[in-house]
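J.: Everything in the sequence shown is counted per numbering that gives the first Met the number 0, starting at 0 for the first residue and increasing by one. Ideal Cβ positions, reconstructed from N, Cα and C, are used throughout, including at glycine.
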Amino acid sequence: MDDFSQPGLSNYYGYAPSPANFIKPFKRPMSSMSPIIVTDSSGQVIFIAGGSGGSRIISSVAQVAIYNLWLGKSIRDAVDMPRLHQQLIPMEIELEKRFPVNVVHGLLSKGHTISSFRGGCVVQAIERRHADELWAVCDARKGGAPDGLGYKHMTKSFQNWFRRTFRRSKEQKLLEEEVEKARLLTPKYYCLQVCALTSYTCMCLATIDQFLATSLHVYRQQFINIKKAYGLCVFFFIIWLLHGIPSLIWYNLGLSSIKGKLTCTITNPVFNVYIAYGYLLILTGVLPICITVLFGFLAYWNVRQIPYRTVPLVRRELDKQLTSMVLVQIVFNCFIILPYIICLFLVDILDPNSESINISDLNFAQDISIILYYLYFASSFYIYICVSKRFRQQLMYVLIDIYH
């Protein structure tokens with residue numbers, strides 16, 4: 000019954016419902032089964048092809064016919080050639096992995112969304128080469144073998160299969176490796192977003208906590224405790240897990256406009272604008288810097304008021320050390336995060352095809368800014384070692400006295 004259309008429902012292969020194909024009594028369903036019979040001017044059959052594979056039958060059979068009748072390839076090579084498929088819904092081009100690299104890059108450069116598939120449709124075909132000579136081939140994508148072949152042609156078929164399976168060109172192998180690496184970038188980007196936003200959130204919360212802990216008002220000092228800190232960390236972590244879900248959906252295989260290589264690019268224009276301005280510029284740039292600078296300055300002002308308050312000496316020194324550690328971290332973060340945000344923003348707004356832009360310089364600046372950016376996630380320990388005498392003493396105690 001899936002060959003019939005149902006109002007409001009797409010079928011198994013993603014075809015949208017068509018009123019002409021709705022279920023009615025005594026009606027046969029439309030089908031994508033598309034056998035082709037081609038005759039010459041005298042009416043003699045010269046080509047027959049048919050296939051199985053749902054919505055891919057139409058495009059697969061048509062491509063085999065084009066390769067054989069128009070491009071002059073043998074029936075064996077026509078069936079073995081890698082194929083593409085486009086059915087408008089979804090708006091993407093499916094390519095077999097052996098598709099030529101230059102064609103893939105050409106499609107991506109024109110803005111097409113690419114996905115890969117393997118063994119989606121099999122085509123069986125017969126070709127008449129002479130009046131008394133018929134050649135039949137079977138698609139190796141699902142196994143099987145044709146009837147009516149002599150030993151010579153079976154040997155040739157095995158050679159073609161062997162060459163296709165074990166002697167793929169270097170370009171094809173490199174393309175497959177490039178595609179696989181690009182596909183791994185989607186979960187990588189998701190994890191990067193979650194971990195980066197969690198780290199920024201913890202830094203902002205630590206700065207706010209330091210402001211509250213050094214406040215002149217008792218109710219502010221009692222506002223935050225370890226239980227609330229754990230709860231806030233878990234709450235924001237769940238928020239960032241949910242926030243990253245669109246990245247798993249709209250990061251797809253594409254061609255980098257800067258480096259000209261296959262990578263994961265954003266295929267939704269609205270989400271692309273959000274990543275450029277909402278995520279990169281605000282969530283990982285302006286917002287954490289503003290929060291940490293603001294509350295860091297307020298914490299510094301509170302510490303300056305400590306000599307005028309009745310505070311135990313030990314507590315006073317601990318507050319000073321913690322505040323100095325946080326303030327140094329804030330200043331360091333500003334210097335290493337801003338170059339990365341600026342480079343990403345420039346890459347997004349600049350036209351890579353403009354003659355006034357040197358792509359190699361832009362790539363170099365972006366690589367340097369990325370190296371600096373990752374220092375943010377690795378610098379806290381070393382900053383605390385350099386700034387805090389108490390932290391150094393505690394580290395030596397743990398490493399030498401406990402675990403030595």
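Inspect the beta-carbon positions of CYS203 and THR266 and report whether they are closer than 7 Å.
T.: Here residue 203 is taken as the residue at index 204 of the sequence shown, counted from 1. Here residue 266 is taken as the residue at index 267 of the sequence shown, counted from 1. The answer is no: Cβ separation not under 7 Å.
J.: Please state the DSSP three-state secondary structure of HIS216.
T.: Numbered from its first residue, the sequence shown carries residue 216 at position 217. Correct three-state label for HIS216: coil.
J.: When the Cα of PHE380 is compared with those of VAL302, ARG55, ASP360, GLN328, which residue comes out closest?
T.: Within the sequence shown, the letter at position 381 stands for residue 380. Out of VAL302, ARG55, ASP360, GLN328, the CA that lies nearest to the CA of PHE380 is found in GLN328.
J.: As a quick exercise: from LEU83, PHE46, LEU184, pick the residue whose alpha carbon is nearest that of GLY71.
T.: Along the sequence shown, one-based indexing puts residue 71 at 72. Here the closest residue by C-alpha is PHE46.
J.: Measuring CA to CA, which of ILE207, ILE125, ASP39 is closest to TYR299?
T.: Translated into positions along the sequence shown, residue 299 becomes position 300. Checking every option, the nearest Cα to that of TYR299 belongs to ILE207.
J.: Spatial neighbours of LEU337 within its chain, please: C-beta separation below 8 Å, excluding the five flanking residues on both sides.
T.: As a working note, residue 337 is residue 338 in the sequence shown. Excluding positions up to five away in sequence, the list reads GLY284, ILE288.
J.: Output the distance between the C-alpha atoms of ILE274 and LEU326, rounded to the nearest integer angstrom.
T.: Reading the sequence shown from its first residue, position 275 is the one you call residue 274. Reading the sequence shown from its first residue, position 327 is the one you call residue 326. Their Cα atoms are separated by approximately 29 Å.
J.: If you count every other CB in all the chains shown that lies within 10 Å of the CB of TRP134, and 16 or more means buried, which is it?
T.: Taking the sequence shown and counting its residues from 1, the one referred to as residue 134 is at position 135. By the neighbour-count rule (16 or more Cβ atoms within 10 Å), TRP134 is buried.
J.: So which of SER41, GLY50, ARG55 has the shortest CA-CA distance to TYR14?
T.: Counting from one through the sequence shown, the residue named residue 14 turns up at place 15. Answer by Cα proximity: ARG55.
J.: Using the beta-carbon count (16 or more within 10 Å), is ASN332 buried or exposed?
T.: Position 333 of the sequence shown, counted from the start, is the residue given in the question as residue 332. Per the 10 Å Cβ criterion, buried.
J.: Taking buried to mean at least 16 other C-beta atoms within 10 Å of its own C-beta, is ARG391 buried or exposed?
T.: As a working note, residue 391 is residue 392 in the sequence shown. Exposed, because fewer than 16 other Cβ atoms sit within 10 Å of the Cβ of ARG391.
J.: According to DSSP, what are the bridge partners of VAL136?
T.: Locating residue 136 in the sequence shown gives position 137, counting from the first residue. Answer is ALA124.
J.: How far does the beta strand (DSSP E) with SER114 in it reach, from first residue to last?
T.: In the sequence shown, the residue the question calls residue 114 occupies position 115. Where SER114 is concerned, the enclosing beta strand (DSSP E) stretches over 113–116.
J.: Quick check: what's the CA-CA separation for ILE399 versus GLN393?
T.: Here residue 399 is taken as the residue at index 400 of the sequence shown, counted from 1. Here residue 393 is taken as the residue at index 394 of the sequence shown, counted from 1. Each residue's alpha carbon lies about 10 Å from the other.
J.: Just confirm the distance between the C-beta atoms of THR197 and TRP239, as a whole number of angstroms; I'd bet it's less than 8 Å.
T.: Walking along the sequence shown from the start, residue 197 turns up at place 198. Walking along the sequence shown from the start, residue 239 turns up at place 240. Going by Cβ atoms, the distance from THR197 to TRP239 rounds to 6 Å, so yes, they are a contact pair.
J.: Would you check if the distance between the CB atom of PRO16 and the CB atom of PRO6 is smaller than 7 Å?
T.: Sequence index remark: in the sequence shown, residue 16 carries index 17 (1-based). Sequence index remark: in the sequence shown, residue 6 carries index 7 (1-based). Cβ atoms of PRO16 and PRO6: closer than 7 Å.
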